Amino acid sequence: MDLSGKSALVTGAAQGLGAAIADCLADRGAHVFRSDIKPGQGLLAHDVSDEASWQTVLDDVKADTGALHILVNNAGIEGAPDAPKDPEGTPLEDWEAIFSVNARGTFLGCKHAMALMAASGGGAITNLASVAALVPTPFITAYGASKAAVAHLTRTVALHAAQQGYAIRANAVYPGQIRTPMLNDLFGRWALEQGIAAEEVAESFRQTIPLKAFQEPRDIAETVAYLSSDMARYVTGQNIAVDGGFSLVN
Ligand SMILES: NC(=O)c1ccc[n+]([C@@H]2O[C@H](COP(=O)([O-])OP(=O)(O)OC[C@H]3O[C@@H](n4cnc5c(N)ncnc54)[C@H](O)[C@@H]3O)[C@@H](O)[C@H]2O)c1
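Per the numbering used here, the sequence shown starts with residue 4, numbered consecutively.
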């Protein structure tokens with residue numbers, strides 16, 4: 004999985020999976036641009052839900068390396084912590100906020116990066132979906148629906164890029180459960196609702212995973228590195244679950 008000579012952009016790279024993916028691509032020799040809505044050292048300022056922001060970031064990438072071969076649409080949110088998440092209670096504002104980052108943000112990334120990637124000789128887009136796109140999710144309604152949109156969009160982008168002769172592949176990864184701030188916040192919420200400790204919630208969740216372990220960010224990062232590399236040169240339009248078997252039993 005040698006990525007030397009490749010220019011990569013990872014969104015939402017300030018923490019969690021995005022940071023791990025960016026490190027993993029850099030370890031394999033890619034020149035990695037990291038972007039996030041959160042300001043931070045070495046991060047390009049980027050709101051993925053904003054079309055103008057995408058243009059600015061891609062202009063910066065082009066001005067720096069002249070090329071883009073790898074795009075990882077990783078930025079994602081699960082919505083306001085205190086808002087109900089079931090299909091009857093989900094406030095419209097929460098639905099729209101979640102879709103604006105997860106679905107619109109991913110769409111805008113694919114939309115605007117394709118021209119630069121095609122002009123760079125092609126490359127790979129990897130979108131972060133979720134196992135929440137595979138199973139019904141009344142406890143995170145908008146999040147699950149937004150990730151299902153990402154999965155479908157990925158297949159459409161893959162076909163479009165192939166039809167245009169761009170040499171761009173597009174795939175999605177469905178992570179299972181990784182103890183990043185996003186998942187820990189969810190466990191914290193459930194713990195409050197049930198009046199038990201967050202670690203108790205985490206433990207009972209762990210028992211539902213066939214491999215009986217939470218994933219590490221590295222598990223996702225390695226898969227993204229593979230999909231971004233020439234080893235996956237014939238893999239496009241696929242949605243790959245990296246979930247310890249969770250989607251087999253849920
Ligand atoms: N953690 C899990 O168990 C899990 C499971 C399945 C899917 N995922 C997906 O993986 C991706 C990363 O998740 P994570 O757990 O690392 O989350 P996280 O909350 O730890 O990190 C997300 C990052 O995205 C950034 N971000 C949020 N809104 C943004 C915007 N509008 N523009 C740019 N950046 C923005 C945040 O500032 C943050 O740095 C997300 O798409 C998430 O939905 C995570």
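Glycine residues also receive a C-beta, built at the ideal position from the N, C-alpha and C atoms.
Given the structure is predicted, the values throughout are model-derived calculations rather than measurements.
Remark: C-beta atoms of L28 and A11 approach each other more closely than 7 angstroms. Under a 10 Å Cβ-count criterion, V252 is classified as exposed, with fewer than 16 other Cβ atoms of the shown protein chains found around its own Cβ. Cβ-Cβ distances below 6 angstroms link A152 to A106 in the same chain, with the five nearest sequence neighbours on each side left out; the list follows chain order. As DSSP reads the structure, N76 sits in a beta bridge with N130.
Rounded to whole angstroms, the Cβ separation of L156 and L119 is 19 angstroms, and the two are not in contact under 8 angstroms. Of the residues L74, G43, E196, the one whose Cα lies closest to the Cα of H34 is L74. At least one heavy atom of ligand 1 lies closer than 6 angstroms to the C-beta of A17. Annotation: the continuous alpha helix (DSSP H) that includes N187 extends over 184-197.
Going by DSSP, H155 is part of the alpha helix (DSSP H) stretching over 144-167. Burial is judged here by how many other beta carbons sit within 10 angstroms of a residue's own beta carbon; N187 has fewer than 16 and is exposed. In the pairwise beta carbon analysis, the segment 210-225 is classified as touching the segment 242-249: at least three pairs are separated by under 8 angstroms. A residue is called buried when at least 16 other Cβ atoms come within 10 angstroms of its Cβ; I199 does not meet this threshold and is exposed. CA-to-CA, the gap between A121 and A205 works out to about 43 angstroms.
Using a cutoff of 6 angstroms, the CB of Q180 counts as near ligand 1, since one of the ligand's heavy atoms is closer than that. The segment 38-91 is shown to contain whole beta strand (DSSP E) runs of 3 or more residues at 46-48, 73-76, in chain order.
Here DSSP, grouped into helix, strand and coil, assigns A244 to strand. The Cβ atoms of T14 and A78 lie closer than 7 angstroms to each other.
Non-local C-beta neighbours of V60 in its own chain, meaning closer than 6 angstroms and more than five positions away in sequence, comprise S38, L47, H49, ordered along the chain.
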